[in-house]
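S.K.:
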Amino acid sequence: MLFDHKKEELYIKSSVGLSEKTVSAVRIAPGEGVAGWVFQKGKPLLIKKGFEDPRFKKFEEEEEELKSVISVPLKIKNKVIGVINADITHQQSRGLVIGFIGTC
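In the numbering used here, the protein residues as written are 486 to 589.
#1: With a Cβ-Cβ cutoff of 8 Å, do Val554 and Val523 count as a contact?
#2: For Val557, report the span of its alpha helix (DSSP H) as first-last.
#3: List the endpoints of the continuous alpha helix (DSSP H) containing Gly527.
#4: Starting from the C-beta of Ser499, find all residues in its chain whose C-beta is less than 6 Å away, skip the five residues before and the five after it, and write them out in chain order.
#5: Could you give the residue range of the alpha helix (DSSP H) that holds Ala510?
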């Protein structure tokens, strides 16, 4: 997700597994949901029990049981410009995603 300064919201720039309808509809304000929290605080967040966390904002097409959510601020010269999110539905995938994001 990248931050649109004119509209003051995060939007999905690129995704895997989301419909075009969801990608075009999702807009998150700083501080709203997991991505908004990470953008505002500038700190990564790992939520082990996806839907149970009050910061999590569920979108209509998400029907699979979420195991974990990882959200990391995207920074250039210490300025947050967006957020990288990964929703993990299988426990085995968590280590792989954490390792990948850690190398970015």
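Here a beta-carbon is modelled for each residue, glycine too, at the ideal position from N, C-alpha and C.
Please read these numbers as outputs of a predicted model, since none were measured by experiment.
M.R.: Taking the geometry as given:
#1: Their beta carbons are not under 8 Å apart, which means Val554 does not touch Val523 by this criterion.
#2: Per DSSP, Val557 is not a residue of any alpha helix (DSSP H); the beta strand (DSSP E) it occupies stretches across Ser553 to Ile561.
#3: For Gly527, there is no enclosing alpha helix (DSSP H), since its DSSP letter is neither H nor E.
#4: Excluding residues within five positions, none has a Cβ falling inside 6 Å.
#5: Its alpha helix (DSSP H) spans residues Glu505 to Ala510.
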